[in-house]
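Engineer:
Chains as they are written, first to last, in my numbering: chain A, 54 to 295; chain B, 497 to 957.
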């Protein structure tokens, strides 16, 4: 991914020669590692995807194109697409232009996640939570690493690595009135993920509190599924149990 | 193993290498899905246009090892073997109990030929501008405050190849548009929407069949009705429900209950074969509905799609499955495993879900209703696994002595779908569909619908 940096300057210069007044390139390599127990079913995944977005301005017209092909050829194709889109678009008086900073810096970190440790942490937490006729809807770990690069016509060249991970659980408990609302908590520190007792303690506290507070939940099914068909599109969240 | 691939699908050569490598690793099942597509998104918010295109190519590898799934995704074909190793590593982390319902492997190549690539960016922008212009032209009372028109098209192909010998490729082309109009009358503000997608006929559906004039007429009618409609007095009414709203109830409040991964936890758990509705109620999910937005010939596990009779003559007859759940609960395969794209695993999803028509004419449903409500269109809603639903209403009318009268403002209808089924006393002989996108962690194109139905004794307000 980082080797792409070598061709960014070429892409920007070509864009300018084709009539783009501003070119902005944002690329990302996203690595995901996840391990989840969802309603008792295990799902485990390790993925790496790459992609780059190119935005161009021609006066107050702008166009944007994204590609997963970050080779020189792929980027040039996306550039050509973005330019043709900008030409087809009408002027946008409120278009502020692409970000016009010119910083150069590089911050690359080596981060690795260990799916075996993650799976152990998830399974231990799942087993600990599975009692008192609860529905443990999901217990999951997710770790991500994002390497990004940004370049533009103003000379900016930024390479960064960001990473994050978390262990989360979602459950509900039985009450005399029915199901409690969903109880959810998560932790992100490495130490706490390896030893999830703090998360377990907090979830137990929430479960206890929920058992006391919850009154009059009317559903008698084993867990609820909420579904929203919003003004935009159908959407579903699964959230509580009974 | 796969000595001769389907003509024209060079991608299969690359996928076969992965399968061979997976067999050496001792994997029980290997599935590689490849996809390449170009997607255009345009948004016209009042006068401002945003145009974005994306070209993607990627692969999803799913393996089964000692009863445990491992999954991986990559956008780099050269890293396919690496992705397989990652999926294997993920599968090895814990023992599982997954096994798959047996299928007969199929080799096929499905083409749609929508030719979306032939539509110029200018034509797409013109469509959006025409919709906005038509809306403003029809707004004779000057109540429209803002418009948002969104357009999306996708042109691409997906491929699936498995260690069992499945080898299928199919087009993933579709067009879609969504229009939102907000307006104000005095202190009252309202927004109304219209959404339409098509995956078998293409751009002409948005340009002609559901073109700018038609959508403008619908939205202005809805907006004026919402702004000027008289609020319905709280009470119990006989109501007539139009296909769009019938569809959302079929999909949200009933359809999700019969997705096998959710069924066992919902109100229909252990009710297969039981009478849950009157004899005249029939609900299907039809994977092969002609021109259905959710229609495909095969699902993303290579299983042929078909019409699934969910409720037949009032009896819960079938639920929707993938290979894992069909095996787990000894159910039939239905072809409902769907993945949004190469970044997701296939999960159980509906396709085209609808009530089958009855024998009444539409007009007959209104006869004899002295004081009722005609519910035509919805915006927003929610349902849960008990089949309770809450559906926002964006178009409704009073019914007086069997006649459709002026617009009614009711905000929402609520109920428990499994109780509603027993209150439906008549279904018309018409049939219409709404197209939309269903989210269940990932997006799926779907249709839902049915005939006009009459429901007795519904509490409103």
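Ideal Cβ positions, reconstructed from N, Cα and C, are used throughout, including at glycine.
Is it true that the CB of residue 532 of chain B sits closer than 7 Å to the CB of residue 513 of chain B?
Structural biologist: It is not a contact, given that the beta carbons lie outside the stated cut-off.
Engineer: Within this structure, are the beta carbons of residue 919 of chain B and residue 951 of chain B separated by less than 7 Å?
Structural biologist: Yes; because the gap between Cβ atoms is below 7 Å, this pair is in contact.
Engineer: Under 8 Å Cβ-Cβ, which residues of chain A neighbour residue 585 of chain B?
Structural biologist: Those within 8 Å of residue 585 of chain B in chain A are 99 and 168.
Engineer: Is residue 70 of chain A buried or exposed, if buried means 16 or more other CB atoms sit within 10 Å of its CB?
Structural biologist: Counting Cβ neighbours within 10 Å, residue 70 of chain A comes out exposed, since fewer than 16 surround it.
Engineer: According to DSSP, simplified to helix, strand and coil, what is residue 613 of chain B?
Structural biologist: Note: residue 613 of chain B maps to helix in three-state DSSP.
Engineer: Taking the DSSP output, what are the residues bridged to residue 931 of chain B?
Structural biologist: Answer is B:943, bridged to residue 931 of chain B.
Engineer: Let me know the secondary structure DSSP gives residue 503 of chain B once reduced to three states.
Structural biologist: Because the pLDDT of residue 503 of chain B is 49, which lies under 50, any placement of that residue in the model is unreliable, and the number read from its coordinates should be weighed accordingly. Looking at residue 503 of chain B - three-state DSSP - the assignment turns out to be coil, as it is neither helix nor strand.
Engineer: Can you tell which of B:740, B:786, B:831 and B:684 has the C-alpha that lies nearest to the C-alpha of residue 755 of chain B?
Structural biologist: When each option's Cα is compared against that of residue 755 of chain B, the closest is B:831.
Engineer: Rounded to whole angstroms, what's the CA-CA distance from residue 219 of chain A to residue 194 of chain A? Just pull it up for me.
Structural biologist: About 6 Å.
Engineer: Would you please state the rounded distance, in angstroms, between the beta carbons of residue 584 of chain B and residue 560 of chain B? I believe it to be under 8 Å.
Structural biologist: The pair is not a contact, with the Cβ atoms about 10 Å apart (cut-off 8 Å).
Engineer: Here's the rule I'm using: 16 or more other beta-carbon atoms within 10 Å means buried, otherwise exposed. How should residue 196 of chain A be labelled?
Structural biologist: Buried, because 16 or more other Cβ atoms sit within 10 Å of the Cβ of residue 196 of chain A.
Engineer: Going by other Cβ atoms of all chains shown within 10 Å of its Cβ, with 16 needed for buried, is residue 948 of chain B buried or exposed?
Structural biologist: So residue 948 of chain B ends up on the buried side.
Engineer: Ends of the alpha helix (DSSP H) at residue 743 of chain B?
Structural biologist: It spans 739-744 - the alpha helix (DSSP H) in which residue 743 of chain B sits, taken as one unbroken run.
Engineer: May I ask you to list the residues that DSSP assigns as paired with residue 776 of chain B?
Structural biologist: Note: residue 776 of chain B sits in no beta bridge, so no partner.
Engineer: Given this structure, state the Cα-to-Cα distance separating residue 672 of chain B from residue 648 of chain B, to the nearest angstrom.
Structural biologist: Looking at the two C-alpha atoms, the distance is approximately 5 Å.
Engineer: Mind pulling the chain B residues with CB within less than 7 Å of residue 116 of chain A?
Structural biologist: Under the 7 Å cutoff, chain B gives 547.
Engineer: What do you get for residue 708 of chain B, buried or exposed, if any count of 16 or more other CB atoms within 10 angstroms of its CB means buried?
Structural biologist: Residue 708 of chain B should be labelled buried.
Engineer: In three-state DSSP terms, what is residue 269 of chain A?
Structural biologist: Caution applies to residue 269 of chain A, whose pLDDT of 36 falls short of 50 and renders its modelled position unreliable; the value that the coordinates give is listed next. DSSP places residue 269 of chain A in coil when its eight states are reduced to three.
Engineer: Cutting at 6 Å between CB atoms, please list the residues of its own chain near residue 77 of chain A, excluding the five before and the five after it.
Structural biologist: Answer for residue 77 of chain A: 108, 151 and 205, listed in chain order.
Engineer: So residue 693 of chain B packs on residue 612 of chain B, CB below 8 Å; how close in whole Å?
Structural biologist: The pair is not a contact, with the Cβ atoms about 13 Å apart (cut-off 8 Å).
Engineer: Entirely within the region 549-617 of chain B and at least 3 residues each: give me those beta strand (DSSP E) ranges in chain order.
Structural biologist: You should have 564-570 and 603-606.
Engineer: Could you tell me if residue 982 of chain B is buried or exposed, where buried requires 16 or more neighbouring beta carbons within 10 angstroms of its beta carbon?
Structural biologist: Since the displayed chain B opens at 497 and closes at 957, residue 982 of chain B lies outside it and no answer follows.
Engineer: At a CB-CB cut-off below 9 Å, which residues of chain B make contact with residue 103 of chain A?
Structural biologist: Near residue 103 of chain A (Cβ distances below 9 Å), the residues of chain B are 570, 571 and 572.
Engineer: Beta-carbon within less than 6 Å of residue 608 of chain B's beta-carbon, same chain only, minus the 5 sequence neighbours each way: which residues are those?
Structural biologist: Around residue 608 of chain B: 667 and 669.
Engineer: Under 8 Å Cβ-Cβ, which residues of chain B neighbour residue 222 of chain A?
Structural biologist: The contacting residues do not exist; residue 222 of chain A stays about 17 Å from chain B at best.
Engineer: Using the Cα positions of residue 770 of chain B and residue 807 of chain B, report the straight-line distance between them to the nearest angstrom.
Structural biologist: Computed Cα separation, rounded: 10 Å.
Engineer: Could you tell me which uninterrupted alpha helix (DSSP H) segments, each at least 4 residues in length, are contained entirely in the region 756-815 of chain B, listed from first to last along the chain?
Structural biologist: Runs found: 756-759.
Engineer: Taking the alpha carbon of residue 917 of chain B as the reference point, which residue from B:800, B:732 and B:772 has its own alpha carbon closest?
Structural biologist: Of B:800, B:732 and B:772, the residue nearest in Cα terms is B:772.
Engineer: Near residue 162 of chain A, what residues of its chain come up, given a Cβ to Cβ distance below 8 Å and the 5 sequence neighbours on each side ignored?
Structural biologist: Same-chain partners within the cutoff: 214 and 216.
Engineer: Give the secondary structure of residue 517 of chain B by DSSP, where H, G and I count as helix, E and B as strand, and everything else as coil.
Structural biologist: Three-state result, residue 517 of chain B: helix.
Engineer: CA-CA distance, residue 566 of chain B and residue 158 of chain A?
Structural biologist: Looking at the two C-alpha atoms, the distance is approximately 37 Å.
Engineer: Would the region 159-179 of chain A and the region 116-130 of chain A be scored as touching if the rule is three or more Cβ pairs under 8 Å?
Structural biologist: As far as the Cβ criterion goes, the region 159-179 of chain A does not touch the region 116-130 of chain A, which means the pair count is below three.
Engineer: To the nearest angstrom, report how far apart residue 909 of chain B and residue 902 of chain B are at their CA atoms.
Structural biologist: Taking the straight line from one Cα to the other gives about 18 Å.
Engineer: Does the region 676-692 of chain B touch the region 590-599 of chain B, meaning 3 or more C-beta pairs lie closer than 8 Å?
Structural biologist: No, because fewer than three Cβ pairs between the region 590-599 of chain B and the region 676-692 of chain B fall closer than 8 Å, the two stretches do not touch.
Engineer: What distance in whole Å lies between the Cβ atoms of residue 645 of chain B and residue 540 of chain B, which are believed to be in contact at a cut-off of 8 Å?
Structural biologist: With a Cβ gap of about 4 Å, residue 540 of chain B and residue 645 of chain B count as contacting.
Engineer: Can you tell which of B:791, B:661, B:915 and B:643 has its C-alpha closest to the C-alpha of residue 606 of chain B?
Structural biologist: Closest by alpha carbon: B:791.
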